[in-house]
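Numbering (this note's numbering), first residue to last: 80 to 366.
Only one structure is covered here, and it is reproduced in the block below.
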């Protein structure tokens, strides 16, 4: 039989981040030698690389949490050989995750030190949970629960990084065009105050300078970023055309078209929008 795969689903995203690969033999299992590939990653030096690394790490951690993921555990398996294989696979995953977490936390491009502290402390809790589960069975699900906490911190970091990115009008417009999948270019163009041709360019990955009303692109990007946490792209579009309250016929789209009223839009969302029927968001308590 062939040697079991010990490569974690955790992989370093393709980016300019420097990677050095070291090899560490962990001995043998019943199916042959186990060799673990450890990756030592230099911390990203710029914002774009940091987003790539953090997003890739979060994606791989989420894959580790699926039923067949590398940290699935198996409380019914008692064979020393099978346990040894499972422990080796999990150790590979943890070594790889350790390298990526350290690179993220050590990046000079990262501005929120509180979140990096949360990441390191949560990962330390994960290490403790793994060490307390030497057979890799995770019978009490402590490893899985702690890994979910790591994922939550990574997702918070991504939101923070994305929000910083949205200060750039071109990137904000590209973000809206890309994330509002299933919504036609004409509808996106109306939101951004641009043309369908420009929306097509944004969707192809071209970041163009926004010459007409760049502040609108930034605001729409931030609004879409907030709303997509609670609804679908179509729900976001519906939100822009729903009255802001039962006592007003004014819609968010009308406020968006009125430069003097724009600041109230983002303030309403940040204060707490709740998703209603068919993608509506209720602001009754703010009216």
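Here a beta-carbon is modelled for each residue, glycine too, at the ideal position from N, C-alpha and C.
Burial state of residue i (16 or more Cβ within 10 Å)
{"i": "residue 213", "result": "exposed"}
{"i": "residue 211", "result": "exposed"}
{"i": "residue 346", "result": "exposed"}
{"i": "residue 310", "result": "buried"}
{"i": "residue 193", "result": "exposed"}
{"i": "residue 135", "result": "buried"}
{"i": "residue 287", "result": "exposed"}
{"i": "residue 339", "result": "exposed"}
{"i": "residue 300", "result": "buried"}
{"i": "residue 104", "result": "Reliability fails at residue 104, whose pLDDT of 33 lies under 50, so the model's placement of it is uncertain and no value is given."}
{"i": "residue 290", "result": "exposed"}
{"i": "residue 281", "result": "buried"}
{"i": "residue 250", "result": "buried"}
Run of the alpha helix (DSSP H) containing residue i, from where it starts to where it stops
{"i": "residue 277", "result": "275 to 282"}
{"i": "residue 338", "result": "Element bounds for residue 338: n/a, residue is neither H nor E."}
{"i": "residue 233", "result": "221 to 244"}
As assigned by DSSP and simplified to three states, the class of residue i
{"i": "residue 119", "result": "strand"}
{"i": "residue 193", "result": "helix"}
{"i": "residue 186", "result": "coil"}
{"i": "residue 325", "result": "coil"}
{"i": "residue 305", "result": "helix"}
{"i": "residue 259", "result": "coil"}
{"i": "residue 272", "result": "coil"}
{"i": "residue 124", "result": "coil"}
{"i": "residue 313", "result": "helix"}
{"i": "residue 145", "result": "coil"}
{"i": "residue 211", "result": "coil"}
{"i": "residue 292", "result": "coil"}
{"i": "residue 161", "result": "helix"}
{"i": "residue 166", "result": "helix"}
{"i": "residue 201", "result": "helix"}
{"i": "residue 177", "result": "helix"}
{"i": "residue 297", "result": "helix"}
{"i": "residue 367", "result": "Outside the displayed span of the chain (80 to 366) sits residue 367, for which this structure offers no information."}
{"i": "residue 347", "result": "helix"}
{"i": "residue 216", "result": "coil"}
{"i": "residue 330", "result": "coil"}
{"i": "residue 320", "result": "coil"}
Residue i versus the options, residue with shortest Cα-Cα distance
{"i": "residue 142", "options": "227, 189, 301", "result": "227"}
{"i": "residue 137", "options": "161, 207, 202, 158", "result": "202"}
{"i": "residue 257", "options": "162, 284, 131, 145", "result": "284"}
{"i": "residue 191", "options": "178, 179, 236", "result": "236"}
{"i": "residue 181", "options": "259, 120, 161, 170", "result": "120"}
{"i": "residue 184", "options": "223, 209, 132, 206", "result": "132"}
{"i": "residue 223", "options": "167, 164, 176, 144", "result": "144"}
{"i": "residue 233", "options": "126, 139, 122, 336", "result": "139"}
{"i": "residue 172", "options": "161, 160, 205", "result": "205"}
{"i": "residue 230", "options": "274, 248, 199", "result": "199"}
{"i": "residue 130", "options": "320, 239, 207", "result": "239"}
{"i": "residue 295", "options": "252, 208, 168, 242", "result": "252"}
{"i": "residue 242", "options": "189, 272, 196", "result": "189"}
{"i": "residue 279", "options": "297, 196, 259, 298", "result": "259"}
Near the ligand ZN: residue i beta-carbon under 7 Å from a heavy atom
{"i": "residue 275", "result": "Among the components modelled here there is no ligand, and therefore nothing to report on the ligand ZN."}
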